[in-house]
Each structure stands twice: as structure tokens, then as C-alpha cells.
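S.K.: The structure's right below; bear with me while I get my questions together.
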Amino acid sequence: MSLNELTLSDARDKLRAKEITATELTEACLSAIDAGNGALKAYLVVTADRALEQAKRSDELLSGKGKQARPLEGIPLGIKDLFCTDGVRTTAGSHILGTFEPPYESTVTQNLWDAGAVMLGKLNMDEFAMGSSTETSYYGQTVNPWRAKGSDENLVPGGSSGGSSAAVAAGLCMAATASDTGGSIRQPAAFTGTVGIKPTYGRCSRYGMVAFASSLDQAGPITRSIKDAALMLQAMASYDLKDSTSVDRPLPDLEKALTQKFKGLKIGVPKEYRVEGMSKEIDALWEKGIDIFRQAGAEIVDISLPHTHAALPAYYIVAPAEASSNLARYDGVRYGLRADGRDIVDMYEETRSHGFGAEVKRRILIGTYVLSAGYYDAYYLKAQKVRSLIKRDFDDAFDTVDVVLTPTTPTPAFGLGSKKDADPVEMYLNDIFTVTVNMAGLPGLSVPGGLSGEGLPLGLQIIGKPFDEATVLRAGQVIEDAVGRMPVPEPWWAGEAGKPEAKAKKKAGATESAPEKKATRKK
Ligand code: GLN
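Residue numbers (my numbering): 11 to 533.
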């Protein structure tokens, strides 16, 4: 196994034991990016010089007795392109932010650098995190490293954190940051055989994270194992005065929590998640999960979450409403792209019409509509009430159970472009099992549960009580122990589609892999 395919925890242990160096590990990841990014298109920017500099510093701290080594010392990571990184281009997958280089660092990424991690570069995503396939990115489509048995059709890596999930699954980094507004950590994790956890709302600071829907957005990691997810979340989470919704609650030692007692835990199985049209495979996967928990000594309890059916419609009111407000700041004055205009209003309009893609415009229109006078009560206020009911359903369920088990997605990964002409709602249905968790602000994990008949990964979702990530991860470990970790698939992508961009030349800087089209004004 090459170094870049190790789990983060194994790499950490080998670094500490001086079996490998941070420079070797970083070079292994950079070579994997060189060989694979041309075909997979996971990275938008590779910060190779900066990575090697950080790795060198880590090697200094790891040498001697390794006493100064920090928790993630020398671990190379990929960063979803909506975390602002000081001096390194941050686009959130949008043309409108195209040339934006933030003058500050997001709290989550700062926490990771403070923990000794190394930055490899920025990862592709759906534009402003709106999507479930990473196909709405302005900068091209990321490809899932997994393919169905005997097929060479390219599949989506999920979304919006598809760059993160593809990079982690293919070994182009040891782990990645991601974010989840309605499922964007868990669904891509399910599609790529990786682990993804969306922590409780408020666990990770949103400072410096490009906002989509502020009351739902939450950062979290995508990793190759449950233990790696615990280690990453431990480093990413913090109470932050720069984010008034971040919560001052101590986070227990998550790695330790993985070995705590599991027997006797109560697992809720909600009947409302048996949705119409769900494939037999997904049903069988769910049964398998239930069985694994039962074998491990848990008690299975049938529960009801009666407002589940209303979650997706309510989400598609709340999220666009907040998005339409958050995206008002992109006006051609403060960030990135500016198109020419006859006067200032014309300039705003031209910038926004050229800078936003179709899905983002759809959300802005919906959001503006549901917030407008006359419709506010009928839609927005009603959706907020539904949100409270969804939260109450979970509160009631957690009176009797410790965690809830569901599938993560209704299907495995689908073909790139296969939903291009479909009703947008078909794409929205990907998140039918995940949005409830964001609406209620709860922690949710996706862990690989097995393979579909076609040999594609499928994910199981574990939902926990507020701030009880420890039990969620503990339960996830039980699934992982029974099913095993998903391997890095056969690297069909290696050497395909030419080499990616050259490594960064600017000091601590970045190289773009994506063509930056100039905004042109249509007359
Ligand atoms: N797919 C959902 C959406 O498009 C969720 C995206 C997310 O979690 N960022 O809104």
C-alpha cells in the first residue's frame, strides 16, 4: 500500500514512530494528485510548495522525541473550496468568486494548521454548495473513483463536497474538510465508500466558511475510517467568538470514545424512512445494519418520526430563503468577478447574471419569492414551523433511543450527466434521508455499509442526540468493524487524461487548474 492510502490514524502512528516522514507522506499525496487529478478533477488548486514547507516544519517537530508534535502533525489534507484560506484562491465553485483570495483564514482550517496539518490544496464542490453531484461547479465536474463492475461509465462523487469525497476515496489526501447544509458531507461519503460526519450545529465555527444557508451549514470531515473522522473532528471543532452560533460545549476525547461500551445501547429505526421507490438493495443494507447492531448487543427499537415527509419541502424553502439573503453580497464590488455596466445598477445585474450558475439563480429566485411580502407567512413561516415539528419528533425519539439508524441515500452513485435533463426535484430527492438532520441541528454520520449488486459503495446513516458525536462515532465503529473499511478502488484514473496543472510556483501560493473565463457583456 502506498503511503497516501494509509488511514490518517496509521499515518499519524508511523510518523510518531519515525517509520515515515511528513515530507514523504506529503510527496506521496502530491504524486497521487499528479497522477489522478487530470481524470478525477478533485482539486481546483494545488498548493504544493506550501505543503512541502509545512511538512518540513512538521518533520522538525516530529524529530527528537516527537514531544512537540501536535495532534495532526504532518498530515496532508484537502480543503473544500468554501473554507477561506489566507492568500489562497477560494471560489466556492462559483464564477462570481473566481479570483477571490481571502485576506483571512477560516477558523476550522486555522484549527487544523494549529494542530499541525499540511494543506495540499482546495477541492471542487457544487456552486455555493448547492447540489448533490458536484456538477453545478463552474470549474468542471469531479469524477467518482468508483465505477460499477465491468463498466467504464463515469459516476458522480456526490455533492456538494464531491471534490472532498473523491480525493479521500482515491488517496489524493489523507482526509478532507467538507460542509453539510442538507447532506453534503454524508451523501458524497456514501457515494464514495468514505466516512463523513456532520456534527451538531454549532460544534464547528462557521467563521470564514462561505455561507449558503447559515442556520443549516455545518463543517465536518470526510475520511477513510471512523477513527480518522474522530481525529479530524476533534481538531476542527471549537468554540469561536467570531461565530455567534458556535456553542461552548466541551468535546470529549472522540478517539477514546470509540472503544467505550456499546452493549445495551438503544437503536431507533424510524418507519417513515421506508420511502416509496426505495431500492431493495437499500432496504437490505438497512436490515444488515440493524443486524450488525443487534449482534453487537444493542437493543433495536421501532420509532416514528412523523414529520419526515415534510422535511425536504420545508428545507427547499428555508435553504433558498437564507441563500438569497447570503448571496446578496456578491455584487461585483467586494469580491472576485465584476462585469462592465452602463451604470452601477447595470454593473450589479451583469455581474450577477454572468457570475451565478443556473442552480444558484433558481435558489435565489425561490428564496426571494418565499421571503416576499404576502408569501412570507404562507411559505417561510410555515416551513419554520415544520422545522420545529421535525426537531420535536427527534426530541421525542431520543427520550427512548440513543441513536437512530437509517440508510444515507436512496440509491448508489449515479452517472455523470444522467440527471441533466431531469426535473431538479429528482436531484433534491438525494437528500431525503439527510436533510431532516440539518433541520433539527443534530449530528449525523455516514459509514460504508457494503456494496451494491453493481459493486458500488452504500452508506448507513447514524443520527445522534445534540452534541453526542461520541456515541454516533462509537456506533459507526461497530458498523466499520463488522463491514470493514472500503479499499481505494483500482486506480483506472492513474495517468489518464494527462497531467494536471503544474505544482504551485508562487510562495505559499496556488496554481489554478480551472480555466478562468472573463465575464463578457452580452449586448
Ligand atoms: N443537496 C442539498 C442542496 O442542494 C444539500 C447541499 C448541502 O448540504 N450543501 O441544497
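Heads up, the beta-carbon is just placed ideally off N, CA and C, and yes, glycines get one too. Remember, it's a predicted structure, so these values are computed and weren't measured experimentally.
1. Using alpha carbons as the reference points, say which of 453, 133 and 115 lies closest to residue 103.
2. Tell me which same chain residues have a C-beta within less than 8 Å of the C-beta of residue 507, skipping the five on either side of it?
3. For the structure I just gave you, are there three or more beta carbon pairs, one from the stretch 307-316 and one from the stretch 373-391, closer than 8 Å?
4. To the nearest whole angstrom, what separates the beta carbons of residue 182 and residue 52, a pair I think is in contact under 8 Å?
5. Could you spell out the range, first to last residue, of the beta strand (DSSP E) harbouring residue 228?
6. Would you identify the three-state DSSP class for residue 276, choosing helix, strand or coil?
7. Give me the Cα-Cα distance between residue 398 and residue 136, rounded to the nearest whole angstrom.
8. Looking at the unbroken alpha helix (DSSP H) that takes in residue 325, where does it start and where does it end?
9. Do you know how far the Cα of residue 163 is from the Cα of residue 372?
10. Would DSSP call residue 512 helix, strand or coil?
11. May I ask you to report which of helix, strand or coil DSSP gives residue 443?
12. Please confirm whether any heavy atom of the ligand GLN lies closer than 7 Å to the CB of residue 91.
13. Within the structure, which residues are defined as neighbours of the ligand GLN by a Cβ-heavy atom distance below 6 Å, reported in chain order?
14. Below 7 Å CB to CB, which residues in the same chain sit around residue 158 once its five sequence neighbours on both sides are set aside?
15. Relative to the C-alpha of residue 142, which residue among 443, 273, 501 and 490 is closest?
16. Only counting runs of 3 or more residues, tell me where the beta strand (DSSP E) segments fall wholly within the stretch 86-142, in order along the chain.
17. As an exercise, report each continuous beta strand (DSSP E) stretch of at least 3 residues that is fully enclosed by the stretch 32-94, in chain order.
18. If you draw a straight line from the C-alpha of residue 291 to the C-alpha of residue 492, how long is it?
19. So, helix, strand or coil for residue 398, using DSSP?
20. To the nearest angstrom, how far is the alpha carbon of residue 320 from that of residue 396?
21. Suppose contacts are defined by Cβ-Cβ distances below 8 Å. Is residue 279 in contact with residue 420 by that definition?
22. Tell me whether the stretch 100-117 and the stretch 342-360 touch, counting them as touching only if at least three CB pairs, one residue from each stretch, are closer than 8 Å.
23. Considering only the alpha carbon of each residue, which of 61, 374, 115 and 91 lies closest to residue 97?
24. Is the stretch 225-238 in contact with the stretch 202-215, if contact means three or more CB pairs nearer than 8 Å?
25. Which residue wins for smallest C-alpha separation from residue 499, given the options 407, 177 and 441?
26. What does DSSP give as the partner residues of residue 309 in its beta bridges?
27. Given a cut-off of 8 Å, decide if residue 214 and residue 197 are closer than it, judged by their beta-carbon atoms.
28. Taking the beta carbon of residue 209 as the centre, do at least 16 other beta carbons fall within 10 Å, making it buried, or is it exposed?
29. Tell me the DSSP bridge mates of residue 219?
30. Rounded to whole angstroms, what is the Cα-Cα separation between residue 256 and residue 502?
31. In angstroms with no decimal places, state the Cα-to-Cα distance between residue 414 and residue 297.
32. So the candidates are 61, 401 and 184; which of them puts its Cα closest to the Cα of residue 474?
33. Since residue 64 and residue 128 are thought to touch, with beta carbons under 8 Å apart, how far apart are those beta carbons, to the nearest angstrom?
34. Contact check, residue 17 vs residue 266 under 8 Å by CB: the rounded distance?
35. Would you tell me roughly how many angstroms separate the C-alpha atoms of residue 510 and residue 113, rounded to the nearest one?
M.R.: Concretely, from the data shown:
1. Locating residue 103 in the sequence shown gives position 93, counting from the first residue. Nearest C-alpha to residue 103: 133.
2. Counted from its first residue, the sequence shown places residue 507 at position 497. Reliability of the predicted coordinates at residue 507 is poor, the pLDDT of 47 falling under 50, and the value obtained from them is presented with this limitation in mind. Answer for residue 507: 48 and 49, listed in chain order.
3. No: the two stretches stay apart, fewer than three of their Cβ pairs being nearer than 8 Å.
4. To locate residue 182, count along the sequence shown from 1; it is residue 172. To locate residue 52, count along the sequence shown from 1; it is residue 42. Contact between residue 182 and residue 52 holds, since their C-beta atoms are separated by about 6 Å, short of 8 Å.
5. For the purposes of this step, residue 228 is identified with residue 218 of the sequence shown, where counting begins at 1. Unbroken beta strand (DSSP E) run through residue 228: 228-233.
6. What you label residue 276 is simply residue 266 of the sequence shown in a count that begins at 1. Three-state result, residue 276: strand.
7. Walking along the sequence shown from the start, residue 398 turns up at place 388. Walking along the sequence shown from the start, residue 136 turns up at place 126. One C-alpha to the other measures close to 28 Å.
8. Position 315 of the sequence shown, counting from 1, holds the residue named residue 325. Looking at the DSSP string, the run of the alpha helix (DSSP H) that includes residue 325 is 321-336.
9. Here residue 372 is taken as the residue at index 362 of the sequence shown, counted from 1. Here residue 163 is taken as the residue at index 153 of the sequence shown, counted from 1. Note on geometry: alpha-carbon atoms of residue 372 and residue 163 lie some 29 Å from one another.
10. Within the sequence shown, residue 512 is the residue found at index 502, counting from 1. Summary for residue 512: the model assigns pLDDT 37, below 50, so the residue's position carries little reliability; its value from the coordinates is reported in the next sentence. Note: residue 512 maps to coil in three-state DSSP.
11. Here residue 443 refers to the residue found at position 433 of the sequence shown. Coil, per DSSP.
12. Along the sequence shown, read from residue 1 onward, the residue named residue 91 stands at position 81. No, the Cβ of residue 91 stays beyond 7 Å of every heavy atom of the ligand GLN.
13. 139, 140, 141, 142, 170, 190, 191, 192, 193, 194, 222, 329 and 441
14. Within the sequence shown, residue 158 is the residue found at index 148, counting from 1. Within the same chain, residue 158 has close Cβ partners 464, 465 and 466.
15. As a working mapping, residue 142 is identified with position 132 in the sequence shown. Answer by Cα proximity: 443.
16. 86-90 and 128-133
17. Here the runs fully enclosed are 53-56 and 86-90.
18. Counting from one through the sequence shown, the residue named residue 291 turns up at place 281. Counting from one through the sequence shown, the residue named residue 492 turns up at place 482. Between residue 291 and residue 492, the C-alpha separation is close to 18 Å.
19. The count along the sequence shown starts at 1 and reaches residue 398 at position 388. Note: residue 398 maps to helix in three-state DSSP.
20. Taking the first residue of the sequence shown as 1, we reach residue 320 at position 310. Taking the first residue of the sequence shown as 1, we reach residue 396 at position 386. Rounded to the nearest whole angstrom, the CA to CA distance from residue 320 to residue 396 is 7 Å.
21. To locate residue 279, count along the sequence shown from 1; it is residue 269. To locate residue 420, count along the sequence shown from 1; it is residue 410. No, the pair does not count as a contact, with Cβ atoms beyond the cut-off.
22. yes
23. If you number the sequence shown from 1, residue 97 lands on position 87. Per the Cα distances, 115.
24. yes
25. On the sequence shown, residue 499 is found 489 positions in, with the first residue counted as 1. Minimum Cα distance to residue 499 is reached at 177.
26. Working through the sequence shown from its first residue, we reach residue 309 at position 299. Among the bridge pairs identified by DSSP, residue 309 is matched with 276.
27. Taking the first residue of the sequence shown as position 1, residue 197 is located at position 187. Taking the first residue of the sequence shown as position 1, residue 214 is located at position 204. Not a contact, by the Cβ cut-off of 8 Å.
28. The count along the sequence shown starts at 1 and reaches residue 209 at position 199. Per the 10 Å Cβ criterion, buried.
29. Along the sequence shown, read from residue 1 onward, the residue named residue 219 stands at position 209. DSSP, once it has assigned bridges, lists 93 as partnering residue 219.
30. For the purposes of this step, residue 256 is taken as the residue at position 246 of the sequence shown. For the purposes of this step, residue 502 is taken as the residue at position 492 of the sequence shown. Taking the straight line joining both Cα atoms gives about 42 Å.
31. Position 404 of the sequence shown, counting from 1, holds the residue named residue 414. Position 287 of the sequence shown, counting from 1, holds the residue named residue 297. About 13 Å.
32. Residue numbering aside, residue 474 sits at position 464 when the sequence shown is read from its first letter. Among 61, 401 and 184, the Cα nearest to that of residue 474 belongs to 401.
33. Along the sequence shown, read from residue 1 onward, the residue named residue 64 stands at position 54. Along the sequence shown, read from residue 1 onward, the residue named residue 128 stands at position 118. That pair is a contact at about 4 Å.
34. Residue 17 sits at position 7 when you count from the first residue of the sequence shown. Residue 266 sits at position 256 when you count from the first residue of the sequence shown. Residue 17 to residue 266, Cβ: 17 Å. No contact.
35. One-based indexing of the sequence shown puts residue 510 at position 500. One-based indexing of the sequence shown puts residue 113 at position 103. For residue 510, the predicted structure reports a pLDDT of 42, less than 50, and the residue's modelled location is therefore unreliable. A value from the coordinates is still provided. So the two alpha carbons sit approximately 27 Å from each other.
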